[in-house]
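In this note's numbering, the protein residues as written are 66 to 1233.
For every residue, glycine included, the Cβ atom is placed at its ideal position computed from N, Cα and C.
Since we're looking at a predicted model, the values are computed, not measured.
Following this line, the structure appears as structure tokens:
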């Protein structure tokens, strides 16, 4: 009996090996999503192997059943799985062969079900078919061509225009450049498709790519199942592909065997030779069979070893089997998952607990962390994974700060970049540098010295070099945090194209523009004779030993694409040599030096880059979604600024207001040296201006105007340490605004530029409040006035003087040309770009209004109410009132040396002397950034129109691009509510897909977005009357509000109904608000209640903006449940309902609410 039990156990182990091999075949078959010649060849090989496994299993199972009758059930389950897998492989191969031959496929792709088949059976939802992404690599061409040709190109149900959209969305990189210049049209599709085929349908290049992959297979250092399996699969894949390309691979047996066996580890090489007998040459089939058996043996040994106690070593073996990630379901362990690593530590812990995984190894589900055989945390030694380590309370303050801000950084979705370089005198350590070519704006190549840094997640370029290339820089807002908390900022990025000097390699990357990347590398020149490099090697940087500047830093985005097969380990003759596409680079210690105790100079660069520009746009988008509640409280710092302004404001002899900057005393003492960075920035600006004489002339005129108007003065004797305050030098640059009527160029003074201590002037200034009425209320009131006018204050900030004791905080450098002595100027007025500028300007207007309120009560009231920053939108119901408002406002402002200009009005009497100069279209909120859609008032016709610019077409549509363009849709009154809600709903759908910011969106969303942009320009023809009341002051009007909701969105709108004849009435849209429905599913009645609350808030906001008087108000909803809630006591309902009903009852009267049939509800358009 014991002998039989041992025999049965041995047979069962062999049977398990066969089952494991069959399971791997099934896993591979299930992973195939795209049928190509390579995958079909792999499936055929596995189907043949599956038949032999069946024969082996049948023999083993027969022996087992002869010894133990109870083992018969295993045959039944294995046979069923075998037949099912064999049928699937046969169907896939046969279907592919028929498709290639042009015959009918075995699986119908028709939408309509075949005859005799019920619709329920045919409406099976198949997995989503993703088109392949072709980047321009030759080995990707045939799979891409076959898939795209069968799914898109041969599909006659799709128009050529749609095919072109699919094609553009499927190609990236160099492939996208091939068709980039072609316009999106029906005719250009075939031109684009043929261009790609002409470029990449290159059999010779594809064959060379597969051959190169065979020759560059990695060597196996020691016996390893994972590495051997990877080599075996690669060999089969590339040989089958070459065979499909009609290469004579059947005659390559000896060459292939020699080439591949040279990659083996010593033990596998010994086993291969031991498996041969006689002197006959082995065949390629024998070699592949040996590889398969060897892989199975090593995999079975590794699997059996899991039960042993050597936990640390076994964990390393387990990591090589690449299990499926339980977070993103990719083929990698969860601790290598990029999406998982992006989470904060609390979020990671929550995800692990949610999946009931071991918090130590992050894999097992059947053991606790205390019983886990894997190692402990590398930081604290406790039984949890290092990815789940929380910073200890004993860390220093900077660590606490970083931990405390972790959640904030996660919410902001910033990008953290950590890059460092270390250099020291005589340490013998080299960093990898290369000399490449960079293409300038005219297409000319320039040599450039590049530092290769695999530890950096961002690329950088020196400002001086970027200006030399004359490339167009794009604005950004990037904060770079360095070692020990030192900070700097960057405001521009630029796209550059790199070319190798030695081959055809090229790459396009985005770089952050910074004043200086690092010190000269190496710090001091090295004796070239000390380093002996093989003469056949072509160096990426032939002058690596000479100390010189770094122009560009290339980070990890491109670094690993540069690495080629080939490395010479460090020796006493030379440091490590690594082959790259740029040539061979040197890195590491050389000369055999050991670490010594001596003074070292280390240049470290640590950057934390936050995408604050993107987050500001996102905040702007959600700001438009906020409810219309007035702000009724100040923060403590704002109250302090209010008191500081009252206590420290004076007037000069001419009536100009003199203000004092609100300074943070603790921060101003930490302000370091600003002179150095301001000088560097000025020299860079000077070089830029020398290349553009027209721009230089405009810039110089701007500075001289500053002097002539008394807004700046030169300083002859400079003492930065004189007085209680440190001197602060502000870098400056220009902003061009060609559309501006008066000032085409504006000089911006960068008060956010950090000093040597990381503290900027803006850090040391309090922001204060800007408590003017919001633009929504001003325009609401503007639409109800008969006679209106607009104007803005000329150079508003520069009419306000700064306390003379503080002007040293606003120093700049300037000279008209490089041959003159560099001079220092002090800005004497409130400076655009400082944190407190807006607060001081607005408080100055309020100060003047309060000062002259008794003398000019009407003007003072409208200064307090009708200004939005420096723009005034005002008027009255009668011409006399409007004239009085204008005259009193002009008088009050003139006493503070303010002058109004750019007058526009719907009545010539309000223009006066400016009648022939202005009265042009008025852009509402001109100070905002460039917009795709903005509202414009035409005073001649007294109508609103929308100035819409068609967004530029881009080959790749991402979440970042869509958010950027949605944030530029400016419709403060909601006059285009049904239009604006569409892209907001689209953005929410993209958000739910959890795409990365720069990841392409799905094709259906891409098509919807493209269609929306194409139709947007039609709104240019729309004209909306500004005035929506009657000029007769005794006429009555009614206000009607409507609300509606759906699962996608909800909204509210207000209309004004007035009588224009005996039996004639006119209704005009006044304003509207829309809101995207929450991500969490909410019932329709509750969403209708949210819409009713939005209408109540909108009505309350409108009522506070104008004098409603005796006007009747009617609030309409088609939701009977919501109306019942509103009409009853709020305490009767759940918390959700009670809170909203209570707020609605506070803002409105229950008697104002009415029911309207859904078909007659205009708010229905806002929710669809």
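Note to self: Suppose you measure from the CA of residue 247 to the CA of residue 261; what does that come to, to the nearest Å?
What the structure shows: Rounded to the nearest angstrom, the two C-alpha atoms are 12 Å apart.
Checklist line | Cβ contact (3+ pairs, closer than 8 Å) linking the region 1107–1127 and the region 1135–1146 | finding: Note that the region 1107–1127 touches the region 1135–1146; at least 3 beta-carbon pairs, one per stretch, sit closer than 8 Å.
Next item on the list: Could you check which residue in 957, 206, 744 has the C-alpha nearest to that of residue 887?
Entry: The shortest C-alpha to C-alpha distance from residue 887 to any of 957, 206, 744 is the one to 744.
Check: Which word fits residue 275, buried or exposed, when buried means at least 16 other C-beta atoms lie within 10 angstroms of its C-beta?
Finding: Residue 275 comes out buried.
Check: Mind checking residue 1024: buried by the 16 CB within 10 Å criterion, or exposed?
Finding: In this structure residue 1024 is buried. Its beta-carbon is surrounded by 16 or more other beta-carbon atoms within 10 angstroms.
Notebook entry, point to check: For the alpha helix (DSSP H) that residue 531 lies in, which residues bound it at each end?
Noted result: Per DSSP, residue 531 belongs to the alpha helix (DSSP H) from 528–534.
Next item on the list: Pick helix, strand or coil for residue 647, following the three-state DSSP scheme.
Entry: Residue state, collapsed to three classes: coil.
Check: By Cβ distance below 6 Å, which residues in the same chain neighbour residue 217 in space, the five residues on each side in sequence not counted?
Finding: Short of 6 Å from the beta carbon of residue 217, and not among the five residues preceding or following it, lie these beta carbons of its own chain, in chain order: 228, 231.
Note to self: Let me check understanding here. Comparing Cα to Cα, which of 208, 252, 222 lies closest to residue 235?
What the structure shows: Minimum Cα-Cα distance from residue 235 among the listed residues 208, 252, 222 corresponds to 208.
Next item on the list: Name, in chain order, the residues that DSSP records as bridge partners for residue 933.
Entry: Residue pairing by DSSP places residue 933 opposite 936 in a beta bridge.
Next item on the list: Using three-state DSSP, classify residue 1145 as helix, strand or coil.
Entry: In the three-state reduction of the DSSP assignment, residue 1145 falls in the coil class.
Notebook entry, point to check: Going by beta carbon distance, what residues of the same chain come within less than 8 Å of residue 312, once the five residues before and after it are set aside?
Noted result: For residue 312, where only same-chain residues beyond five positions count, the Cβ hits under 8 Å are 272.
Next item on the list: Measuring alpha carbon to alpha carbon, tell me which of 319, 318, 357 ends up nearest residue 336.
Entry: It is 357 whose Cα lies nearest to the Cα of residue 336.
Notebook entry, point to check: If we call anything under 8 Å between Cβ atoms a contact, is residue 1031 one with residue 1059?
Noted result: Going by C-beta atoms, residue 1031 is not nearer than 8 Å to residue 1059.
Checklist line | residue 711 versus residue 734 - alpha carbon distance | finding: Residue 711 and residue 734 have their C-alpha atoms some 24 Å from each other.
Item checked: Secondary structure, alpha helix (DSSP H): runs of 4+ residues fully inside the region 996–1057 -> Complete alpha helix (DSSP H) runs here, min 4: 1024–1031, 1042–1057.
Check: What's the C-alpha gap between residue 997 and residue 146?
Finding: Note on residue 997: pLDDT 42, under 50, position unreliable in the model; the coordinate value appears next. Looking at the two C-alpha atoms, the distance is approximately 59 Å.
Check: According to DSSP, what are the bridge partners of residue 1126?
Finding: Bridge partners of residue 1126: none, in fact.
Next item on the list: Leaving out five residues on either side along the sequence, give the residues of the same chain with a beta carbon under 8 Å from the beta carbon of residue 82.
Entry: Cβ contact annotation for residue 82 (same chain, cutoff 8 Å, sequence separation greater than five): 361, 365, in chain order.
Next item on the list: Mark residue 776 as exposed unless 16 or more other C-beta atoms lie within 10 angstroms of its C-beta, in which case mark it buried.
Entry: Classified as buried, residue 776 has 16 or more neighbouring CB atoms from the shown chains inside 10 Å of its CB.
Notebook entry, point to check: Closest by CA to residue 1158, which one among 590, 932, 1140?
Noted result: Of the listed residues, the one whose Cα sits closest to residue 1158 is 1140.
Next item on the list: Identify whether residue 320 lies in helix, strand or coil by the three-state DSSP scheme.
Entry: Of the three classes helix, strand and coil, the one that applies to residue 320 here is helix, per DSSP.
Item checked: Distance CB(residue 647)-CB(residue 521) smaller than 8 Å -> Against a cut-off of 8 Å, the Cβ pair of residue 521 and residue 647 comes out as no contact.
Notebook entry, point to check: Skipping 5 residues on each side, what residues in its chain have a beta carbon closer than 7 Å to that of residue 287?
Noted result: Residues 330 of the same chain have their beta carbon placed closer than 7 Å to that of residue 287, with the five preceding and five following residues left out of the count.
Notebook entry, point to check: Counting only runs that start and end within the region 1167–1213, where is the beta strand (DSSP E) found for 3 or more residues in a row?
Noted result: With a minimum length of 3 residues, the continuous beta strand (DSSP E) runs that stay inside the region 1167–1213 are 1177–1182.
Check: Do you know whose CA, among 1212, 344, 393, 327, lies nearest residue 420's CA?
Finding: Checking every option, the nearest Cα to that of residue 420 belongs to 393.
Item checked: Status (buried if at least 16 other CB within 10 Å, exposed otherwise) for residue 1064 -> Classification of residue 1064: exposed, given that the 10 Å Cβ count is below 16.
Notebook entry, point to check: Distance, Cα to Cα, residue 1206 vs residue 842?
Noted result: Looking at the two C-alpha atoms, the distance is approximately 25 Å.
Checklist line | Contact set for residue 602: own chain, Cβ-Cβ below 7 Å, skip 5 residues either direction | finding: The beta carbon of residue 602 sits closer than 7 Å to the beta carbons of 642, 649 from its chain, once the five residues preceding and following it are set aside; these are given in chain order.
Notebook entry, point to check: If you drop the 5 nearest sequence neighbours on each side, which residues of the same chain put their C-beta closer than 6 Å to that of residue 740?
Noted result: Closer than 6 Å at Cβ, skipping near neighbours: 794.
Notebook entry, point to check: Using the beta-carbon count (16 or more within 10 Å), is residue 31 buried or exposed?
Noted result: The requested residue 31 is not part of the displayed model; the chain covers only 66 to 1233.
Notebook entry, point to check: By a C-beta neighbour count over all protein chains shown, 10 Å radius and 16 as the cutoff for buried, is residue 1166 buried or exposed?
Noted result: Counting Cβ neighbours within 10 Å, residue 1166 comes out buried, since at least 16 surround it.
Checklist line | Residue of 341, 348, 1108 minimising C-alpha distance to residue 1223 | finding: Ranking 341, 348, 1108 by Cα distance to residue 1223 puts 1108 first.
Next item on the list: With residue 576 as the anchor, note down where its beta strand (DSSP E) starts and where it stops.
Entry: Segment 571–579, the beta strand (DSSP E) holding residue 576.
Checklist line | Beta-carbon gap between residue 765 and residue 614 smaller than 8 Å | finding: Taking 8 Å as the Cβ cut-off, residue 765 and residue 614 do not qualify as a contacting pair.
Notebook entry, point to check: Count the other CB atoms within 10 Å of the CB of residue 973; is the residue buried (16 or more) or exposed (fewer)?
Noted result: Its Cβ having fewer than 16 others within 10 Å, residue 973 is exposed.
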